[in-house]
Amino acid sequence: MTEKQTIGQWLDTLASKAPVPGGGGASALAGALAAALGRMVANLTVGKKRYADVEQEMQAALAVLAALQEELSGLADEDARVFAPLAAAYGLPSQTEEEKARKDKVMEENLLAASLVPLKITERALEVLRLLEGLEEKGSRMAVSDVGVGAQMARAAAAGAVMNVYINTKSMKNREQAELLNARAEAAVRESEHLADRIYGRVLEKLR
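Numbering (our numbering), first residue to last: 336 to 543.
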């Protein structure tokens, strides 16, 4: 769905009263933009005599970033897809014990699904940042500012998606599973913020 819309159409839908897309989808697209910026920097580096010693590394980065861009773009749609059944689950009847038990089961299943998607966004954004760090160090100096922009976009992707993890795990009754998911998300976002700040600082030093 995301790939079939223009940027303007997607933004108009985001701005509307429609329940999706929301913050999760926006975070995923921020991550996809970060990956695309990384690809641009790598594309501006390959084939240049000045960077011949990092040619293979740039080619490898291109392949991985292309896969990450595609996955993150898809996760924007996946985030919307998992929201619908969760929203419906909140409206299930819970008058009898049987109805309560069924609602609890359905809620738990859908809360888990709705947590896993933003968790994946957070972790994929971190993967993008790890590649951007190499591009900041070895990529074309002409595009170093784009690495900095990419780092900030990936940082926003991770920090934004992690909130969608927490809002869903908070309602889970299986607290052990919830805390495991929270720990994974927290570790990823912490490293993402550290990496993004380091990359951004280095970029600013080169630009000034």
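Don't be surprised by glycine CBs; every beta carbon is placed ideally from N, CA and C.
For the alpha helix (DSSP H) containing residue i, name the first residue and the last one.
i    : result
M507 : Here M507 belongs to no alpha helix (DSSP H), and DSSP marks it neither H nor E.
A478 : First-last for A478: undefined, no H or E at that position.
S408 : E390 to Y425
R374 : G358 to T380
T348 : I342 to A350
Does at least one heavy atom of the ligand NAP sit under 8 Å from the Cβ of residue i?
i    : result
L446 : Only the bare structure without any ligand can be found here, which leaves the ligand NAP out of the picture.
Can you tell me whether residue i is buried or exposed, with buried defined as 16 or more other CB within 10 angstroms of its CB?
i    : result
L410 : buried
S408 : buried
K425 : The sequence shown places Tyr at residue 425, rather than the Lys named in the question. Counting Cβ neighbours within 10 Å, Y425 comes out exposed, since fewer than 16 surround it.
R476 : exposed
R459 : buried
T380 : buried
V509 : Checking the sequence shown, residue 509 turns out to be Asn, not Val. By the neighbour-count rule (16 or more Cβ atoms within 10 Å), N509 is not buried but exposed.
A478 : buried
Is the Cβ-Cβ distance between residue i and residue j less than 9 Å?
i    : j    : result
A449 : N503 : yes
A494 : E444 : no
A496 : T457 : yes
A486 : E471 : yes
M488 : L400 : no
V441 : E413 : no
L397 : R465 : no
L403 : V463 : yes
K361 : L454 : The residue asked about is misnamed: residue 361 is Ala in this sequence, not Lys. No, Cβ-Cβ distance for A361 and L454 is not below 9 Å.
A436 : P354 : no
E405 : L461 : no
N499 : G358 : yes
Inter-stretch contact (C-beta, 8 Å, three-pair minimum) for the segment 479 to 488 and the segment 373 to 380: yes
At least 3 beta-carbon pairs within less than 8 Å: the segment 336 to 351 vs the segment 378 to 395: no
Segment contact, 8 Å Cβ cut-off, at least three pairs: the segment 505 to 525 with the segment 432 to 446: yes
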